[in-house]
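Asker: Mind looking over this structure? Questions follow.
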Amino acid sequence: MKKLIATALIALGITGVVLAEEKKKTENKKTENKAVSSQAKGGDPVIVKYGQGEIRQSELEAAIKTLPDQYQGYVTGPGKRAFAEDYLRMKMLAAQAEKNGLDKSPEVQAQLRLMRANTLAAAQLEKLQESIKLTDAELQKSYDSKKSEYESASARHILIAFKGSPALPPGKKELTEDEAKAKAEDLRKKIVGGADFAELAKKESDDSTSGTRGGDLGTFNRGQMVPEFEKAAFETKIGEISPVIRTQFGYHILQVKERKSSPLSEVKTALEQELKQKKVQEALDQMKTGSNATFNEAYFTPPPAPPVAAPAAQAPAASPVIPAPAPKPKS
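Quick note, the sequence shown lines up with residues 2 to 332 if you use my numbering.
Structure below.
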């Protein structure tokens with residue numbers, strides 16, 4: 002964890018240098034200094050002193066906010082001191098680099114320009130995302146258009162696997178497709194005739210995981226089962242026994258216990274994120290189209306694959322039985 006945070010701080014240090022340079026170029030520097038001074042008096046204590054410098058609480062906490070979410074919990078808790086030490090080392094290294102003129106290096110300048118562009122792009126993207134406002138009508142329309150995606154079903158099944166099925170239990174007698182189908186049809190007749198579904202599942206099903214639970218598959222959404230099974234699960238009347246269904250795993254007997262659809266209130270957050278992302282992508286596509294960007298096809302077109310060399314001619318191999326004739330002596 003500490004190594005990852007230290008690595009992140011190196012990138013943070015580059016970003017900090019870029020942002021510092023940008024601040025120097027603004028016309029509001031004096032105003033910013035006054036604001037910082039006012040903030041210091043109002044409760045922004047110095048938490049680290051070193052040489053001719055200092056680090057205030059607001060600076061360190063601003064740095065923490067630039068880290069990925071999975072790190073922030075650690076560095077605001079048990080890793081706070083370690084993070085501050087890494088941050089201090091980063092600042093001292095950056096200051097020493099400036100003294101040595103490394104910030105004038107073409108390679109470093111290129112990295113700084115790239116980091117600056119990336120930082121600005123991220124800020125603009127965040128602003129774009131915040132500007133997108135979705136109405137209740139838009140959310141409802143999107144929900145209605147894909148309502149089936151929010152359906153779930155609870156069901157149980159019995160599986161009879163045939164030869165080659167990935168679900169066939171090791172060591173069990175292999176059945177041909179005809180034999181497996183005939184066995185499944187026979188089990189279905191027994192269930193329709195009053196036999197206990199759960200008991201037959203425990204005894205006969207080749208799906209050992211659900212079989213131990215009487216065939217219970219729990220609750221699943223659309224897209225989680227193979228197409229043939231999903232179709233039956235969402236079309237068979239609740240409580241009825243389905244016809245025998247063939248999938249790549251074998252022949253199934255299915256009984257749906259319940260079906261329901263998640264209301265908009267339960268999926269609203271995910272739906273909002275999906276719609277916002279779609280609108281952001283549309284805005285980015287429009288931005289690219291409006292820029293009339295062109296690409297140098299000579300640069301971006303992959304080179305043709307090298308021709309396959311013809312195999313070199315080989316001398317016929319000597320017979321493994323008849324030895325090659327010995328060379329004649331010179332006269």
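By construction, the Cβ of each residue, glycine as well, lies at the ideal position given by its N, Cα and C atoms.
Classify residue 286: buried if its beta carbon has 16 or more other beta carbons within 10 angstroms, exposed otherwise.
Answerer: Within the sequence shown, residue 286 is the residue found at index 285, counting from 1. Exposed, by the Cβ-count rule.
Asker: Per DSSP, what kind of secondary structure is residue 217 in: helix, strand or coil?
Answerer: Walking along the sequence shown from the start, residue 217 turns up at place 216. Here residue 217 sits in strand by DSSP.
Asker: Taking only the alpha-carbon atoms, compute the straight-line gap between residue 208 and residue 194 and give it to the nearest angstrom.
Answerer: Taking the first residue of the sequence shown as position 1, residue 208 is located at position 207. Taking the first residue of the sequence shown as position 1, residue 194 is located at position 193. Taking the straight line joining both Cα atoms gives about 23 Å.
Asker: Given a cut-off of 9 Å on the beta-carbon distance, is the pair residue 190 and residue 205 in contact?
Answerer: As a first step, residue 190 is located in the sequence shown; it is residue number 189 there, counting from the start. As a first step, residue 205 is located in the sequence shown; it is residue number 204 there, counting from the start. Taking 9 Å as the Cβ cut-off, residue 190 and residue 205 do not qualify as a contacting pair.
Asker: So is residue 251 in contact with chain B if we call contact Cβ pairs under 9 Å?
Answerer: No chain B appears in this structure, which consists of one protein chain only.
Asker: Straight-line CA distance for residue 66 to residue 130?
Answerer: Your numbering for residue 66 matches position 65 in the sequence shown. Your numbering for residue 130 matches position 129 in the sequence shown. If you take the alpha carbons of residue 66 and residue 130, they lie about 18 Å apart.
Asker: Based on the DSSP output, what are the partners of residue 334 in its beta bridges?
Answerer: Because the chain in this structure spans residues 2 to 332, residue 334 falls outside the shown range and cannot be described.
Asker: List the endpoints of the continuous alpha helix (DSSP H) containing residue 192.
Answerer: Position 191 of the sequence shown, counted from the start, is the residue given in the question as residue 192. First-last of the alpha helix (DSSP H) with residue 192: 178 to 193.
Asker: Who are the near neighbours of residue 150 in its chain, counting only those whose CB is closer than 7 Å to its CB and skipping five residues on each side?
Answerer: Start at 1 with the first residue of the sequence shown, and residue 150 comes out as number 149. Cβ within range, chain order: 223.
Asker: Assuming residue 175 is part of the beta strand (DSSP E), what are its boundary residues?
Answerer: As a first step, residue 175 must be located in the sequence shown, where it is residue number 174. Segment: none, residue 175 is in no beta strand (DSSP E) and carries neither H nor E.
Asker: Quick one: using the 10 Å Cβ neighbour count with 16 as the cut-off for buried, is residue 320 buried or exposed?
Answerer: On the sequence shown, residue 320 is found 319 positions in, with the first residue counted as 1. In this prediction, residue 320 has a pLDDT of 40, which is less than 50 and means its spatial position is unreliable; what the coordinates show is noted afterwards. Exposed, since its Cβ has fewer than 16 Cβ neighbours within 10 Å.
Asker: Spatial neighbours of residue 308 within its chain, please: C-beta separation below 6 Å, excluding the five flanking residues on both sides.
Answerer: The count along the sequence shown starts at 1 and reaches residue 308 at position 307. Result list for residue 308: empty, nothing under 6 Å.
Asker: Going by other Cβ atoms of all chains shown within 10 Å of its Cβ, with 16 needed for buried, is residue 38 buried or exposed?
Answerer: The count along the sequence shown starts at 1 and reaches residue 38 at position 37. Residue placement at residue 38 cannot be trusted, given a pLDDT of 48 that sits under 50; the coordinates are not used to answer.
Asker: Identify whether residue 50 lies in helix, strand or coil by the three-state DSSP scheme.
Answerer: Here residue 50 corresponds to residue number 49 of the sequence shown, with the count starting at 1. Correct three-state label for residue 50: strand.
Asker: Just reading off the alpha helix (DSSP H) that residue 242 is part of, what are its end residues?
Answerer: Locating residue 242 in the sequence shown gives position 241, counting from the first residue. Run containing residue 242: none; DSSP gives neither H nor E here.
Asker: Taking just the CA atoms, how far does residue 238 sit from residue 164?
Answerer: The count along the sequence shown starts at 1 and reaches residue 164 at position 163. The count along the sequence shown starts at 1 and reaches residue 238 at position 237. So the two alpha carbons sit approximately 31 Å from each other.
Asker: Beta-carbon separation of residue 199 and residue 219 under 9 Å?
Answerer: The residue you call residue 199 lines up with position 198 of the sequence shown. The residue you call residue 219 lines up with position 218 of the sequence shown. Cβ distance not < 9 Å, so residue 199 and residue 219 don't count as in contact.
Asker: Count the other CB atoms, across all protein chains shown, that sit within 10 Å of the CB of residue 256; report buried if there are 16 or more and exposed otherwise.
Answerer: Mapped onto the sequence shown, residue 256 falls at position 255. Under this definition residue 256 is a buried residue.
Asker: Output yes or no for whether 9 Å exceeds the beta carbon distance between residue 95 and residue 48.
Answerer: In the sequence shown, the residue the question calls residue 95 occupies position 94. In the sequence shown, the residue the question calls residue 48 occupies position 47. Not a contact, by the Cβ cut-off of 9 Å.
Asker: DSSP on residue 254, reduced to helix/strand/coil?
Answerer: Position 253 of the sequence shown, counted from the first residue, corresponds to residue 254. In the structure shown, residue 254 sits in a strand (DSSP, three-state: E or B).
Asker: Taking 9 Å as the threshold (C-beta atoms), are residue 153 and residue 221 in contact?
Answerer: Position 220 of the sequence shown holds residue 221. Position 152 of the sequence shown holds residue 153. Cβ atoms of residue 221 and residue 153: closer than 9 Å.
Asker: Just verifying my parser: in three-state terms, what is the DSSP assignment at residue 117?
Answerer: Along the sequence shown, read from residue 1 onward, the residue named residue 117 stands at position 116. DSSP places residue 117 in helix when its eight states are reduced to three.
Asker: Write down the C-beta distance between residue 135 and residue 258 rounded to the nearest angstrom, noting that I regard them as a contact closer than 8 Å.
Answerer: Numbered from 1 along the sequence shown, position 134 holds the residue referred to as residue 135. Numbered from 1 along the sequence shown, position 257 holds the residue referred to as residue 258. Going by Cβ atoms, the distance from residue 135 to residue 258 rounds to 36 Å, so no, they are not a contact pair.
Asker: DSSP state of residue 90, grouped into three classes?
Answerer: The residue you call residue 90 lines up with position 89 of the sequence shown. Here residue 90 sits in helix by DSSP.
Asker: On the DSSP bridge list, what partners appear for residue 56?
Answerer: The residue given as residue 56 occupies position 55 in the sequence shown. Residue 56 pairs with 49.
Asker: Helix or strand or just coil, what does DSSP make of residue 248?
Answerer: Position 247 of the sequence shown, counted from the first residue, corresponds to residue 248. The answer is strand: DSSP assigns residue 248 an E or B state.
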